[in-house]
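For the sequence shown, the numbering used here begins at 11 and goes up steadily by one.
First the structure, in the form of structure tokens, and then the observations on it.
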Amino acid sequence: MSQIVREKMEYDVVIVGAGPAGLSAAIRLKQLDPNRSVVVLEKGSEVGAHILSGAVLDPSGLDALLPEWRSMDAPIKVPVKEDNFYMLGPAGQIRIPNFPMPPLMNNHGNYIVSMGNVCRWMAGVAEGLGVEIFPGMSCSELVYDGDRVAGVVAGEFGRDPATGEPGPNYEPGMELLGKYVFLSEGVRGSLAKEVIAKYELSKGHCSQKFGIGMKEIWEIDPAKHREGTVTHTMGWPLGSNAGGGSFIYHLENNQVYVGFVVHLNYENPHLYPYMEFQRFKHHPMVAELLKGGKRVAYGARAISEGGYQSMPKMVAPGVALLGCSVGMVNVPRIKGNHNAMLSGKAAAEAAHEAINAGRSGDELSSYETEVRTGAIGKDLKKVRNVKPMWSKYGLVASLIGGGLDMWTNTLGFSLFGTLRHGKTDAAATGEAKNFKPIDYPKPDGKLSFDRLTNVAFSFTNHDEAQPAHLKLKDPSIPISVNLPKYAEPAQRYCPAGVYEVVAEEGKDPRFVINFQNCVHCKTCDIKDPSQNITWTTPQGAGGPNYPNM
11 MSQIVREKME YDVVIVGAGP AGLSAAIRLK QLDPNRSVVV LEKGSEVGAH ILSGAVLDPS
71 GLDALLPEWR SMDAPIKVPV KEDNFYMLGP AGQIRIPNFP MPPLMNNHGN YIVSMGNVCR
131 WMAGVAEGLG VEIFPGMSCS ELVYDGDRVA GVVAGEFGRD PATGEPGPNY EPGMELLGKY
191 VFLSEGVRGS LAKEVIAKYE LSKGHCSQKF GIGMKEIWEI DPAKHREGTV THTMGWPLGS
251 NAGGGSFIYH LENNQVYVGF VVHLNYENPH LYPYMEFQRF KHHPMVAELL KGGKRVAYGA
311 RAISEGGYQS MPKMVAPGVA LLGCSVGMVN VPRIKGNHNA MLSGKAAAEA AHEAINAGRS
371 GDELSSYETE VRTGAIGKDL KKVRNVKPMW SKYGLVASLI GGGLDMWTNT LGFSLFGTLR
431 HGKTDAAATG EAKNFKPIDY PKPDGKLSFD RLTNVAFSFT NHDEAQPAHL KLKDPSIPIS
491 VNLPKYAEPA QRYCPAGVYE VVAEEGKDPR FVINFQNCVH CKTCDIKDPS QNITWTTPQG
551 AGGPNYPNM
């Protein structure tokens, strides 16, 4: 095949991903130098299309980036008024009082927001400063110049779905080149994954740990709505099967965000995270809240949970990893957007300094130093032992030991030092023969729903006339290895019903990938016990289209 020739465009900084980290970097670059050329490439059909996030936002990142945001008509209107923590059993709950909790767990001064809408607003701010933002521009590969990352290929269309080769309507896309490239793709981004592997950025750090977060937006009975209320739960229905918990956030307009997180280091391959979420909604406390309401949106996303110990080296020649590409979520607080914003700001300042000094394509070491020693590092270091305690000793031990550790860390020391994470989430998966299958109740269509019905409420769409973006390194593995050894857990860990084992009478079972359903959560890339599935960026603006609400 002849060499593909692409048009080239050059910028000072190329940013992949219009989430809070990438947009913060773009805004800060333009604040520092209005003449700086900056482009942001977003794979969603619009900014915010891939962000279904009912989040509690710590405004510290926004305060640092845009101190006047409160007078800028930001979609940040609902302050947290009430914090509730519950331990659930099958039929009841025990409230955990707030007073013994470390101060960092207090949500006073935080806001319940739609991060999709916050990012849409931030994109408007960035464009007002002169940032170029191109939605619907998937970045399919990195461009290298020798040993350095020099840019990305974006906007490639028309590869043949069967062969992957350029088809009759092939569009080669463009090379967008920069003095520096920022990768802010979110959790387990395909380009960041390539950079981490190529430059061995995880060497000397713990493996990253992950959870799968599933969320529904509900409109509920106004009589039950309590704007500004935040509720977190632990315990049932997961029990000893897996770590995790839930969140329920009361936004405005009688809307409630209902979310459920399952830590992906679970052992039992029969576990079905999506059905655990659906079962959770039948708890009497939750069912009473949702009764008479309606679900209006659904989505899912992997969450980086490794924290301080798992952050890889963040820079390589010409490239920097931002936000969840590094893993900056404070797990006990279930917050990472503030750190994503701070990372974007820090990367922008490092690049500005470097470009002004006549540099390009080198390592922005001052960015890494700021992340590890500044506000982000301090935030994550205080909670660094909660997740490994939970993984190794269980929920109760993590509540007691982790709570104590967070308290002592507020005083500047830890009784435990820094605990390390164990094996990867994929390697944690046990063999099916050692575990009993779990009998999940059938969804009732009122409080709980089957996966395919719910995927319709993510408004997901992919052009079927393209190669599947979910790649198998060895197509035989799902049936020859994963099915007999692990009961092929892809059938269950995927929250969108992408993977099926089809057994037809008189035929061998076959593994089917329904890539059109994919909500881009990346769980398959993380949890597959054979590490045989690679998530890549689809062509065009495929994926979920979460509502602007």
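Built from N, CA and C at the ideal position, the CB exists for glycine as well.
In this text, all values refer to a predicted model and were calculated from it rather than measured experimentally.
Own chain, CB closer than 6 Å to residue i, minus 5 neighbours either side, in chain order
i      : result
Arg305 : Glu226, Trp228
Glu510 : Val522
Met147 : Leu51, Ala164, Gly165
Pro499 : Pro279
Gly440 : Glu277
Per-residue burial, residue i [other beta carbons within 10 Å of its own, 16 or more giving buried]
i      : result
Val381 : buried
Thr383 : exposed
His260 : buried
His118 : exposed
Gln319 : buried
Gln288 : buried
Tyr403 : exposed
Trp545 : buried
Ser81  : exposed
Val512 : exposed
Asp415 : buried
Val406 : exposed
Val10  : Any answer about residue 10 is impossible in this case: the structure gives the chain only from 11 up to 559.
Met11  : Note on Met11: pLDDT 41, under 50, position unreliable in the model; the coordinate value appears next. Classification of Met11: exposed, given that the 10 Å Cβ count is below 16.
DSSP state of residue i mapped onto helix, strand, coil
i      : result
Ser458 : coil
Gln541 : coil
Val135 : helix
Leu429 : coil
Thr383 : helix
Arg46  : coil
Ser564 : Here the chain comprises residues numbered 11 to 559, so residue 564 is not present and cannot be evaluated.
Met11  : Note that Met11 scores 41 on pLDDT, short of 50, meaning its location in the model is unreliable; the coordinates nonetheless yield the value given after this. Coil, per DSSP.
Arg8   : This structure cannot settle anything about residue 8, because the visible part of the chain is limited to 11 through 559.
Leu152 : strand
Contact under 8 Å by Cβ, residue i with residue j
i      : j      : result
Ile487 : Phe220 : no
Leu374 : Tyr496 : no
Ile258 : Thr241 : yes
Gly27  : Glu56  : no
Thr243 : Glu92  : no
Val163 : Cys149 : yes
Met184 : Gly168 : no
Gly328 : Val159 : yes
Ser256 : Thr434 : no
Ala478 : Phe525 : yes
Ile448 : Leu281 : yes
Spatial neighbours of residue i in its chain, beta-carbon cut-off 8 Å, leaving aside the 5 residues before and after
i     : result
Pro30 : Gly71, Met125, Val128, Cys129, Met132, Gly333, Asn347, Ala350, Met351, Gly354
Own chain, CB closer than 7 Å to residue i, minus 5 neighbours either side, in chain order
i      : result
Thr418 : Ser424, Leu425
Gly309 : Leu62, Lys225, Ser468, Val529, Pro554, Tyr556
Ser47  : Tyr21, Asp22
Asp484 : Asn542
Lys532 : Val197, Arg198, Ala312, Trp545
Arg430 : Cys216, Gln319, Pro398
Ala252 : Val272, His273, Tyr276, Leu281
Element boundaries [alpha helix (DSSP H), containing residue i]
i      : result
Ala74  : 70-75
Gly354 : 347-366
Glu286 : 283-290
Gln265 : No alpha helix (DSSP H) contains Gln265, which is instead part of the beta strand (DSSP E) from 265-273.
For residue i, the first and last residue of its enclosing beta strand (DSSP E)
i      : result
Leu193 : 184-193
Gln103 : 103-105
Gly221 : 220-229
Ala164 : 158-164
Any C-beta of chain D under 8 Å from that of residue i
i     : result
Pro77 : Structure shown: chain D not included; a single protein chain is present.
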